[in-house]
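Structure first, then comments.
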Amino acid sequence: MSKKNKKKSAQGGHKNQPIGQEEGAVRAKKHLGQHFLKDENIAKKIADTLSLEDYSNVLEIGPGMGVLTKYLLQRNLDLVAMDLDEESIVYLNHSFPLEHQEILKKNNRLNVVEADFLKFDLSELYGEEEFAITGNFPYNISSQIVFKMLEMRGQIPEFSGMFQKEVAQRICEKPGSKTYGILSVLVQAFYDAEYLFTVPPSVFDPPPKVDSGVLRLKRKGNQKLPCDERLFFKVVKTAFNQRRKTIRNSLKTFNLSDNLKEDAIFDQRPEQLGVADFVTLTQKIANDPV
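Quick note, the sequence shown lines up with residues 1 to 290 if you use the UniProt record's numbering.
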């Protein structure tokens, strides 16, 4: 863990502030998309999804009451637990250490940080060091978490955690499916994506209205695409914005030459193209003389 990560943990609330509800519980807040996992076996399974191969830094997003946190700390890693919820921060800084003294005796490499992951500059924690991300992700920002992860992919060799089931399936989906889309292509361009298991609503408090799904992403050995990556992102996003149309029609705003638009790839719909096809398409567009 970098020296920057040794700074004092963020403290939330006041010394005499009550911690959550009865028995120290933290209230799940709808506006934060919180559904607290209460199944110990599932928490352990998520913690075990990380390989810890060639890295020891792990960032947990949305730890809540620490059910996953305590299993992560039973592994040989340096953990940052980041939450936007002040009530959770107070709990993790005060009640959690008292309740899990034995675990923290074996691994006290826990840094609790009160911050919004989507807005936080992670270089303050890790500099240029690599780190993995895991968590029971708030459903309302889960896709945004993935997009930020992609922006920092050079530092993130592994990513795992719990999403709404359909989002997890979409990320791992293969071409030809109606659920295959922007997230599928952009993630699989740089990571091997694996859907691990489904989680029912009953193991959460409060229970969500849908099933959840746990996935794991492992970064591919070659992190660079053989094309203009910025253009690649633009092509993928533009194509799927009108997914029912052929590539020829969905990419009209690119003002491509008539000669290029006669290429057979433009007869396809975006859901029919794999990562390699989108790389080829991007190369063709970059070389278009118009």
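Even for Gly, the Cβ is constructed at its ideal location relative to N, Cα and C.
All figures in this text were calculated on a predicted structure; none of them were measured in a lab.
For the beta strand (DSSP E) containing residue 111, list its first residue and its last residue.
-> 110-114
Kindly identify the DSSP beta-bridge partner or partners of residue 45.
-> Paired residues: none, contrary to the question.
Classify residue 226 as buried or exposed, calling it buried when 16 or more other Cβ atoms lie within 10 Å of its own Cβ.
-> exposed
Could you tell me which of 41, 53, 246, 37 sits nearest to residue 219, measuring between CA atoms?
-> 53
Residue 69 lies in the alpha helix (DSSP H); which residues open and close that run?
-> 67-72
Output the residue ranges of the beta strand (DSSP E) runs that lie fully inside the stretch 191-240 and measure 3 residues or longer, sorted by chain position.
-> 191-199, 212-219
Roughly how many angstroms separate the alpha carbons of residue 104 and residue 69, rounded to a whole number?
-> 11 angstroms
Given that a residue counts as buried once 16 or more other Cβ atoms are within 10 Å of its Cβ, and exposed if not, what is residue 3?
-> Because residue 3 sits at a pLDDT of 41, beneath the cut-off of 50, its placement in the model cannot be relied upon, and the following sentence gives the value as read from the coordinates. Exposed, by the Cβ-count rule.
Which residue's Cα is closest to the Cα of residue 294: 204, 198, 146?
-> Outside the modelled stretch of the chain, which goes from 1 to 290, sits residue 294, for which no answer is possible.
Residue 165 and residue 198 closer than 8 angstroms at C-beta | yes
Please go through the same chain and pick out, in chain order, the residues whose beta-carbon is closer than 6 angstroms to the beta-carbon of residue 250, but skip the five residues on each side of it.
-> 239, 242
Answer yes or no: do residue 205 and residue 282 have a C-beta to C-beta separation smaller than 8 angstroms?
-> no
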